[in-house]
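Number of protein chains: 2
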Amino acid sequence: MSDRQEGVLYGVGTGPGDPELLTRKAARIIAAADVIAYFAKRGNHSHAHQIAAELFAEDVTELPLLYPVTTELDRHSPAYRAAISGFFDDSAARIASYLQAGHSVAVLSEGDPLFFGSYMHLHHRLADRFACEVIAGVTAMSGCWSLAGVPICQGDDIVTVLPATLPEAELIDRLAASDAAVIMKLGRHLPKVRRALLASGKLDQATYVERGTMADGHFQAVADKADDHAPYFALILVAGWQARS
Amino acid sequence: MSDRQEGVLYGVGTGPGDPELLTRKAARIIAAADVIAYFAKRGNHSHAHQIAAELFAEDVTELPLLYPVTTELDRHSPAYRAAISGFFDDSAARIASYLQAGHSVAVLSEGDPLFFGSYMHLHHRLADRFACEVIAGVTAMSGCWSLAGVPICQGDDIVTVLPATLPEAELIDRLAASDAAVIMKLGRHLPKVRRALLASGKLDQATYVERGTMADGHFQAVADKADDHAPYFALILVAGWQARS
Numbered sequence: 001m002s003d004r005q006e007g008v009l010y011g012v013g014t015g016p017g018d019p020e021l022l023t024r025k026a027a028r029i030i031a032a033a034d035v036i037a038y039f040a041k042r043g044n045h046s047h048a049h050q051i052a053a054e055l056f057a058e059d060v061t062e063l064p065l066l067y068p069v070t071t072e073l074d075r076h077s078p079a080y081r082a083a084i085s086g087f088f089d090d091s092a093a094r095i096a097s098y099l100q101a102g103h104s105v106a107v108l109s110e111g112d113p114l115f116f117g118s119y120m121h122l123h124h125r126l127a128d129r130f131a132c133e134v135i136a137g138v139t140a141m142s143g144c145w146s147l148a149g150v151p152i153c154q155g156d157d158i159v160t161v162l163p164a165t166l167p168e169a170e171l172i173d174r175l176a177a178s179d180a181a182v183i184m185k186l187g188r189h190l191p192k193v194r195r196a197l198l199a200s201g202k203l204d205q206a207t208y209v210e211r212g213t214m215a216d217g218h219f220q221a222v223a224d225k226a227d228d229h230a231p232y233f234a235l236i237l238v239a240g241w242q243a244r245s
Numbered sequence: 246m247s248d249r250q251e252g253v254l255y256g257v258g259t260g261p262g263d264p265e266l267l268t269r270k271a272a273r274i275i276a277a278a279d280v281i282a283y284f285a286k287r288g289n290h291s292h293a294h295q296i297a298a299e300l301f302a303e304d305v306t307e308l309p310l311l312y313p314v315t316t317e318l319d320r321h322s323p324a325y326r327a328a329i330s331g332f333f334d335d336s337a338a339r340i341a342s343y344l345q346a347g348h349s350v351a352v353l354s355e356g357d358p359l360f361f362g363s364y365m366h367l368h369h370r371l372a373d374r375f376a377c378e379v380i381a382g383v384t385a386m387s388g389c390w391s392l393a394g395v396p397i398c399q400g401d402d403i404v405t406v407l408p409a410t411l412p413e414a415e416l417i418d419r420l421a422a423s424d425a426a427v428i429m430k431l432g433r434h435l436p437k438v439r440r441a442l443l444a445s446g447k448l449d450q451a452t453y454v455e456r457g458t459m460a461d462g463h464f465q466a467v468a469d470k471a472d473d474h475a476p477y478f479a480l481i482l483v484a485g486w487q488a489r490s
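Chains U and D, in that order, give the protein sequences. Going by the working numbering, the first residue of the first sequence is number 1, and it counts up by one from there. Going by the working numbering, the first residue of the second sequence is number 246, and it counts up by one from there.
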C-alpha cells in the first residue's frame, strides 16, 4: 500500500467566454492544478482552454482529450455510441492515472460543468473513486441575457430551455406553455423557430443573440432579423418578465 | 449643460453564496464602485451584501434599498403592487441621483442579476437613461447541482425551471414532459412536489438540496427524505442525464 495521497479531481466551469467571468475559485484551482485537462476536436482550439490559458502554472501538464473522428457515423448509431463511450472511458483512465500518482487534475468546462458540459461523462466515471469537487460557472445563456440586457424571468415564471431541433408543433406548444424560454443550438433551425415564436405569440418577447459570449457578440429583436442565417451556437431568449412590465 | 460625466450603472451578480464564486469581473467592479446598492428587508441582512462586503472600497457609499413593510397586503392586490412599484421608482430615483452626480453605482444581486433578480426592476427603469452593464453571475441552481454533483442535463435535453407553487396536476404534467427540471421555492410545498415526482415517474432522478449555496449546505435523494420539512429556498433537482446513463 502506498502512503502517497491521491490527487483531487476538479470540474471547473470557465464561464461563457470573457476570462474575467471566471470565478475567483476557478482561477485559484486552475492556477494550482498539476494537470489541466480539456476536451477538443482534432486540430481545433478548445474554447475553455483559450479562456483559462493565461492562468496555468508554468510547469503544468496539459492533457488535451481529443474527440475521435466520427464524421462518418450516424450520431444515434450503436457504432457512434460505442466510439464516444470508449473515448470517455479512455479519457477517464488517463485522468485516473494522474490522480493515482498524487496529481491534482482540473478539467476545464466552458460555462457550467454540469449544465450541458462534457465534463459530466468524466464525473460519472471518476467521482465515486476519487475526491472530487465541481466549481460552478456562469452559463453561456446567462452571458447572453446579460449582454443583451434582457431580464429573463421573475417571481413564479416557468422557464424552459429548449433545443431548436424540436419539431415545429412541439416548439409551438412548449413556447406557448412557458413564461420564459431559451432556445439553444439555433443554426439552420432559425426559420422554423421564428415561425414557432409567431404561432405561440412569443415573437415580440424574443431576442436573437449571436456570439453572445464573445467580445464581438451582438443581439437584436427576432422580429427585426430579416435573414435566415444563424450559427449553431446562436440562441434566442424569450423574456418572461418584460411581457408583463 | 454640465461637462461632468455621468456614472455607470452596474448590475453585479454575486453568485450563489461562497464569496469565491464571485467572478473576477464582479470583484473588480465592486472594489471600484463609488456606491454599492443592495435590496434588503428591514432589520435583515442582505445575503448579496454579506457575500461581497469584504471587497468594498474603504470610502464606499452604501445604499441599502429597504423593502417596504407589506405584510398586511395581499401580494396580488393593487395596493401591494402600487407599494412595490413606488418602492422601485424611489430606489431608481435615488440611484439616478448618484449617477447624475458622476458616481458609479454597483447594484448587488445574489446569483445572476437578470435571472429571478430584483435588479431587473432598476434595470428596467434606468438602462435607457444611463450607461449600464450587467455582470452575469453563477446562479443558485448551478451552485446547488455543483454541490450535489448532479449532472443536470446533456445533449438535446429539455430543462424546465418550475415554482413549487404550481398545482399538483400541472407539476405532474410538466415534470413528465421534461427531461430535466429544477423545482424552486420548495418550503411547505414539499409533500405535493414529492407526490408529483412519484406520479410523473421522476422520483428516482430527484435530489433535494437545502442551503445548497451556503457552507453548511446538504443534499439527499428525495426518495430518502422522510420528513416534510423544507425551507423556502430549498430546491429539488431532477437530473435528465443520469436517467439514461
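We put the CB at the ideal spot given by N, CA and C, even for glycine.
For chain D, is any of its Cβ atoms less than 8 Å away from the one on residue i?
{"i": "Met-120(U)", "result": "yes"}
{"i": "Gly-17(U)", "result": "no"}
{"i": "Val-159(U)", "result": "yes"}
{"i": "Ala-196(U)", "result": "no"}
{"i": "Val-150(U)", "result": "yes"}
Note down, in chain order, each residue of its chain lying with its Cβ closer than 6 Å to the Cβ of residue i, except the 5 sequence neighbours on either side.
{"i": "Val-138(U)", "result": "Gly-15, Pro-16 and Leu-21"}
{"i": "Val-8(U)", "result": "Ser-104 and Ala-131"}
{"i": "Phe-333(D)", "result": "His-366"}
{"i": "Val-454(D)", "result": "Cys-389, Ala-393, Phe-464 and Leu-480"}
{"i": "His-292(D)", "result": "Glu-355"}
{"i": "Ala-278(D)", "result": "Ser-349 and Ala-351"}
{"i": "Ala-79(U)", "result": "Leu-73"}
{"i": "Leu-435(D)", "result": "Asp-473 and Ala-475"}
{"i": "Asp-90(U)", "result": "none"}
If we define contact as Cβ-Cβ less than 8 Å, is residue i a contact residue for chain U?
{"i": "Thr-268(D)", "result": "yes"}
{"i": "Gly-388(D)", "result": "yes"}
{"i": "Thr-452(D)", "result": "no"}
{"i": "Leu-318(D)", "result": "no"}
{"i": "His-369(D)", "result": "yes"}
{"i": "Ala-277(D)", "result": "no"}
{"i": "Ala-282(D)", "result": "no"}
{"i": "Ala-414(D)", "result": "no"}
{"i": "Ala-488(D)", "result": "Per-residue confidence for Ala-488(D) stands at a pLDDT of 43, beneath the threshold of 50, marking its modelled position as unreliable; no derived number is given."}
Below 7 Å on C-beta distance, what does residue i contact in chain D?
{"i": "Ile-84(U)", "result": "Near Ile-84(U) there are no residues of chain D at all, since even the closest Cβ is about 11 Å away, more than 7 Å."}
Give me the chain U residues within the contact set of residue i, using Cβ-Cβ distance strictly less than 7 Å, ordered along the chain.
{"i": "Gln-399(D)", "result": "Phe-116 and Met-120"}
Which whole-angstrom value describes the C-beta separation of residue i and residue j, a residue pair presumed to lie in contact below a C-beta threshold of 8 Å?
{"i": "Ser-142(U)", "j": "Asp-357(D)", "result": "5 Å"}
{"i": "Val-395(D)", "j": "Ala-484(D)", "result": "5 Å"}
{"i": "Arg-24(U)", "j": "Arg-269(D)", "result": "6 Å"}
{"i": "Arg-125(U)", "j": "Ala-92(U)", "result": "4 Å"}
{"i": "Leu-359(D)", "j": "Ile-152(U)", "result": "5 Å"}
{"i": "Gly-288(D)", "j": "Val-379(D)", "result": "With a Cβ gap of about 29 Å, Gly-288(D) and Val-379(D) do not count as contacting."}
{"i": "Ala-140(U)", "j": "Thr-207(U)", "result": "With 8 Å as the limit, Ala-140(U) and Thr-207(U) do not qualify as a contact, their Cβ atoms being about 15 Å apart."}
{"i": "Ser-146(U)", "j": "Ala-381(D)", "result": "4 Å"}
Using a cut-off of 9 Å between C-beta atoms, extract the partners of residue i located in chain D.
{"i": "Thr-139(U)", "result": "Asp-357, Ala-381, Val-383, Thr-384 and Ser-387"}
{"i": "Ser-146(U)", "result": "Gly-256, Gly-258, Asp-357, Pro-358, Leu-359, Glu-378, Val-379, Ile-380, Ala-381 and Gly-382"}
{"i": "Pro-163(U)", "result": "Gly-400, Asp-401, Asp-402 and Ile-403"}
{"i": "Ala-176(U)", "result": "Here the premise fails: no neighbours, minimum Cβ distance about 13 Å."}
Given that residue i touches chain U, what residues does it touch there, using C-beta distances under 8 Å?
{"i": "Ala-272(D)", "result": "Arg-24"}
{"i": "His-474(D)", "result": "By Cβ distance, chain U contributes nothing, its closest Cβ being about 22 Å from His-474(D), past 8 Å."}
{"i": "Thr-315(D)", "result": "Residues of chain U passing the Cβ test: none, with the nearest at roughly 15 Å."}
{"i": "Glu-455(D)", "result": "In chain order: nothing, as chain U lies at least about 17 Å away."}
{"i": "Ala-372(D)", "result": "Gly-149"}
Anything in chain A within Cβ reach of residue i, meaning under 8 Å, just list it in chain order.
{"i": "Leu-63(U)", "result": "Structure shown: chain A not included; protein chains present are U and D."}
Report all residues from its chain with a CB closer than 7 Å to the CB of residue i; omit the five preceding and five following residues, and keep chain order.
{"i": "Gln-5(U)", "result": "Gly-102"}
{"i": "Arg-339(D)", "result": "Leu-308"}
{"i": "Ala-226(U)", "result": "none"}
{"i": "Leu-344(D)", "result": "Glu-251, Gly-252, Leu-254, Val-350 and Phe-375"}
{"i": "Ser-490(D)", "result": "Bear in mind that a pLDDT of 41 at Ser-490(D), under 50, signals an unreliable position, so the model cannot answer this."}
{"i": "Leu-238(D)", "result": "Residue 238(D) cannot be examined here, being either before or after the span of chain D that is shown, 246 to 490."}
Give the interface partners of residue i over in chain D, defined as CB-CB distance under 8 Å, in chain order.
{"i": "Glu-20(U)", "result": "Thr-268, Arg-269, Lys-270 and Arg-273"}
{"i": "Ala-92(U)", "result": "Here the premise fails: no neighbours, minimum Cβ distance about 13 Å."}
I'd like the list of long-range same chain contacts for residue i, defined as Cβ closer than 8 Å, with 5 residues on each side in sequence excluded.
{"i": "Tyr-477(D)", "result": "Lys-430, Leu-431 and Gly-432"}
{"i": "Lys-192(U)", "result": "Ala-164, Glu-168 and Leu-171"}
Spell out a yes or no on whether the segment 199–207 of chain U and the segment 171–182 of chain U are touching, meaning 3 or more CB-CB pairs, one atom from each, closer than 8 Å.
-> yes
Is the segment 154–168 of chain U touching the segment 178–186 of chain U, taking contact as three or more C-beta pairs under 8 Å?
-> yes
Touching or not, the segment 273–284 of chain D and the segment 308–318 of chain D, by the rule of three or more beta carbon pairs under 8 Å?
-> yes
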